[in-house]
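Undergrad: Below is one structure. I have some questions about it.
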Amino acid sequence: MNGAALRAAGGTAWVLLVPLMLGAALLSLVIGRTSTGPTLGFGDAAIAGPVLMEIRLPRTLLALLVGGTLGLSGAALQGLLRNPLAEPGLLGASSGAALGAVLVFYFGLAAADSLVLPLGGVAGSVAALGLLYGLAGRRADLVTIVLAGIAINALAAALTSLALNFAPSPYAALEILFWMLGSLADRSAVHVWLALPLMLPGWLLIGAAARGLDALTLGEETAASLGFPPARTQWLVIGGTALSVGAAVAVTGVIGFVGLVVPHMLRPWVGHHPRRLLAPCFAAGAALTLLADVAIRLMPPGPELKLGVVTALIGAPFFLQLILKHGRESGG
Amino acid sequence: MPKRKMLAVLAAAAVAAALVGSSVAMRSSGARPGSPADRPEVGPPRASTTAPPATRAGPLPTVASINLCTDQLVLSVADPSQIVTLSWLSADPEESTLADAAARYPLNYGSAEEILRFDPDIVIAGVYTNAFTRALLRDLGYAVVDIPPANALEDVETHLRQVGAAIGRTERAEALIREMRARIARHRRRLESAAPVAAVVVRPGGFTVEAPSLAHDMMTLAGLRNLPAEHGLDRWGSLSVETLLHHPPELLVVAAYRSDEASLANAVLAHPALERLAERTVTAEVPGSMWGCGLPGSLDAVALLERAADEARSARTLRTSRAAGGVP
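So the sequences go chain by chain: A and B. Read in order, the letters of the first sequence correspond to residues 53 to 384 in our numbering. Read in order, the letters of the second sequence correspond to residues 1019 to 1346 in our numbering.
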């Protein structure tokens, strides 16, 4: 495809994705769930206000912000690492946040206040990023960063399992396990306000790296000669991902697959330039997460499914199909 | 062009933030969604036609419970007319000792939106019930009472008092406590004359009873020595079958839980070595639902254990008399 055709395709993507995201958000606002199963609307006039404003709206906004963050950072990381398997969890920001939250559980603090848990998550993701920076150094090459990220992930996973072993009671361990599966259930506006101040600068950092990412597709030396030093692009993306994904995981737990799948879904459509992918990936990630969260509420009566389970259930077959299609095309 | 897209995304976020802001402002005005006084009944139609009449609620506050153990505490303490909903597990006989009573009420799955529709005056939850749900319910203006898990028999008294005080049923709670104390005293008197029986409780997943704990108290009160606790266990009380064979008990208590459903946890109970041990040991079954929550009904489990201890004692007498050469 030539440049003009791609731009046109990007334009249609944008025209379709924004209504999709907003439509999904609208569905998420009007579809609820009670003891008898899914409901449409907000119930009795007396409770409609609080149901909409205090339960559904924060949940919808968080699904949008978290899904958008995962899609955006997935696209940026795949562009930065020039590796289609890169995803936000790769750098250790997610597992660090998970560990931070689990430690909060371990010390029994989560029982005291629902805010302590996300704060523990944010602290964990910041610590993981600090460790990554310390391990990889300022001028590290990408391979070192990825390996350091894998090491941090392994360490955080091991420490999380250790904390699970020493959890104060089986009930606490069960809560930890549920939390690691990711959920948006019963989050309030407080959590939106906790995540947004960290997500916004994270998005801006990633946005600032957009041109640098495009330049990187021509190779590191060319990028540097074009005025985009790879090290700058690198730390912009890593810092932005750690901030925004750390805040997301801190509030919702680990929601897998969105960051990995969304860029792959959009690439055939808007092309391979990271810069063109970023914003559509935000919208598509948000839409996917919103729809998964709506699907949870449409299930027959019972305890809620966890969001991370549903995104993986939706994402994995889609991803497989993409891979198979890709294999057929390049093979034939 | 991408800059414009970023700006569009940011603008959307700003609109979203403004909406949340207005919701915060609404909350800070302290408006509780319609007080029970001006709204006779909200919520979905009662799930059961045999639901108790909600007419004589009178001065007693209405109660919702969102945790299995607090469901059963509420069922014990509350006036039936007070209860508007209990959690779904409480109506399952494998989980709950009061399943029949619980099944008469609408059940919930513990989400804030459900509770909002039932609109109770008081919400009773466990300390390990989803922290986000409890915080959101507090934000919505509900009085949420958190009850920790019982780690000792005395905790049951504390929890009955807490629930009683929260829902205006102090007298009922105190009556239950007096009744419990009398039953405990009767068990204690029996302990003075009976030698303790070495026992092992096998729970699904190879768990046994750790000490100190509610279940350990129950065993002690029934005249049982908690054998695994004497030989050191990890903090949740995992028991290896090997340890069990090294220290054979006089009484094997099986906490049966969904024994007809396949699970790794129950596979431990079907271990051949364990089955052989069961063949030559006095064995008793106490339903799994009786071990998890601290309730007045925990003493029913104590009574079952005490009967099993007596059986083990008579088996012991039989053994020693045989060993002494058949002299009666």
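Just so it is clear, CB atoms sit at the ideal spot from N, CA and C, and this is done for glycine as well.
Extract the residue ranges of the alpha helix (DSSP H) inside the region 1107–1179 of chain B, only unbroken runs of 4 or more that lie entirely within it.
TA: 1117–1120, 1130–1136, 1149–1157
Undergrad: Just reading off the alpha helix (DSSP H) that residue 1190(B) is part of, what are its end residues?
TA: 1188–1211
Undergrad: For residue 1053(B), which residues of its own chain have a beta-carbon under 7 Å away from its beta-carbon, when the five flanking residues on both sides are left out?
TA: Its pLDDT being 39, under 50, residue 1053(B) is placed unreliably by the model, and the measurement read from it follows with that caveat. Result list for residue 1053(B): empty, nothing under 7 Å.
Undergrad: Tell me which residues of the region 69–89 of chain A have at least one Cβ-Cβ distance to chain B shorter than 7 Å, keeping chain order.
TA: 84, 85, 86, 87, 88
Undergrad: Residue 1178(B): buried (16+ other C-beta within 10 angstroms of its C-beta) or exposed?
TA: buried
Undergrad: Can you tell me whether residue 1099(B) is helix, strand or coil according to DSSP?
TA: helix
Undergrad: Out of 1308(B), 1274(B), 1270(B), 1192(B), state which residue places its alpha-carbon closest to the alpha-carbon of residue 1297(B).
TA: With distances taken between Cα atoms, residue 1297(B) lies closest to 1270(B).
Undergrad: Would you report the Cα separation of residue 151(A) and residue 74(A), rounded to the nearest angstrom?
TA: 33 Å
Undergrad: Using 10 angstroms around the beta-carbon of residue 1151(B), count the other beta-carbons present and answer buried if the total reaches 16, otherwise exposed.
TA: buried
Undergrad: In chain order, what residues of the same chain lie with their CB nearer than 8 Å to the CB of residue 239(A), ignoring the 5 residues before and after it?
TA: 110, 111, 114, 303, 304
Undergrad: Short of 8 Å in beta carbon distance, which residues of its chain neighbour residue 370(A), apart from the five on each side in sequence? Order them along the chain.
TA: 313, 317
Undergrad: My understanding is that residue 1219(B) touches residue 1316(B), with C-beta atoms under 8 Å, so please give their C-beta distance in whole angstroms.
TA: The pair is not a contact, with the Cβ atoms about 14 Å apart (cut-off 8 Å).
Undergrad: Any C-beta of chain B within less than 7 Å: which residues of the region 220–238 of chain A qualify?
TA: So the list reads 221, 222, 223, 224, 227, 237, 238, given in the order they occur along the chain.
Undergrad: What separation, rounded to the nearest whole angstrom, lies between the Cα atoms of residue 1186(B) and residue 142(A)?
TA: 54 Å
Undergrad: Which residue spans inside the region 96–149 of chain A form an unbroken alpha helix (DSSP H) run of at least 4?
TA: 97–102, 109–133
Undergrad: I'd like to know whether the C-beta of residue 1312(B) is nearer than 9 Å to at least one C-beta of chain A.
TA: no
Undergrad: Quick one: which residues of the region 1119–1147 of chain B get their C-beta closer than 8 Å to a C-beta of chain A? List them in chain order.
TA: 1124, 1125, 1126, 1127, 1128, 1129, 1130, 1131, 1132, 1134, 1135, 1137, 1144, 1145, 1146
Undergrad: Output the boundary residues of the alpha helix (DSSP H) element that contains residue 1316(B).
TA: 1316–1341
Undergrad: Please list the terminal residues of the continuous alpha helix (DSSP H) segment that includes residue 284(A).
TA: 282–304
Undergrad: Give the interface partners of residue 307(A) over in chain B, defined as CB-CB distance under 8 Å, in chain order.
TA: The premise fails here: residue 307(A) is roughly 15 Å from chain B at the closest Cβ pair, so nothing lies under 8 Å.
Undergrad: Please determine if the region 1117–1129 of chain B and the region 1144–1158 of chain B are in contact, where contact requires at least 3 C-beta pairs separated by less than 8 Å.
TA: In short, these stretches touch, since the Cβ pair count reaches three.
Undergrad: If we count the other Cβ atoms within 10 Å of its Cβ and call it buried at 16 or more, is residue 204(A) buried or exposed?
TA: Classified as buried, residue 204(A) has 16 or more neighbouring CB atoms from the shown chains inside 10 Å of its CB.
Undergrad: Say whether the region 170–178 of chain A touches the region 285–293 of chain A, bearing in mind that this needs 3 or more beta-carbon pairs closer than 8 Å, one atom from each stretch.
TA: no
Undergrad: Would the C-beta of residue 157(A) count as close to the ligand COA, meaning under 8 Å from any of its heavy atoms?
TA: The ligand content of the structure shown is nil, which means the ligand COA is not present either.
Undergrad: Which whole-angstrom value describes the C-beta separation of residue 1091(B) and residue 1165(B), a residue pair presumed to lie in contact below a C-beta threshold of 8 Å?
TA: Right, their Cβ atoms sit about 7 Å apart.
Undergrad: Between residue 1242(B) and residue 1214(B), how many whole angstroms is the CB-CB distance? I'm expecting something under 8 Å.
TA: With a beta-carbon spacing of about 7 Å, residue 1242(B) and residue 1214(B) fall inside the 8 Å limit used to define contacts.
Undergrad: Kindly list, in the order they appear in chain B, the residues whose Cβ is closer than 9 Å to that of residue 107(A).
TA: Those within 9 Å of residue 107(A) in chain B are 1129, 1130, 1131, 1134, 1154, 1158.
Undergrad: Please report whether the beta-carbon of residue 374(A) lies at a distance below 9 Å from any beta-carbon of chain B.
TA: no
Undergrad: Would you check if the region 225–242 of chain A and the region 258–270 of chain A touch, i.e. whether three or more CB-CB distances between them fall below 8 Å?
TA: With a cut-off of 8 Å, the region 225–242 of chain A and the region 258–270 of chain A do not count as touching, because too few Cβ pairs lie within range.
Undergrad: Figure out for me which residue from 82(A), 147(A), 271(A) has the closest Cα to the Cα of residue 210(A).
TA: 147(A)
Undergrad: State the start and end residues of the unbroken beta strand (DSSP E) segment that holds residue 84(A).
TA: For residue 84(A), the uninterrupted beta strand (DSSP E) segment begins and ends at 83–86.
Undergrad: Verify the CB distance criterion: does residue 119(A) have a CB-CB separation below 9 Å to chain B?
TA: no
Undergrad: Cα-Cα, which of 1274(B), 1098(B), 1225(B), 1312(B) is closest to residue 1236(B)?
TA: Check the Cα spacing between residue 1236(B) and each of 1274(B), 1098(B), 1225(B), 1312(B): the tightest is with 1312(B).
Undergrad: Looking at residue 1222(B): is its Cβ nearer than 9 Å to the Cβ of residue 1273(B)?
TA: yes
Undergrad: Using only the alpha-carbon positions, how far apart do residue 1048(B) and residue 1157(B) sit?
TA: Because the pLDDT at residue 1048(B) is just 37, under 50, the model does not fix this residue reliably, and the point stays unresolved.
Undergrad: Ignore the nearest five residues each way along the sequence and tell me which others in residue 348(A)'s own chain have a CB closer than 7 Å to its CB.
TA: Hits under 7 Å: 356, 357, 359, 362.
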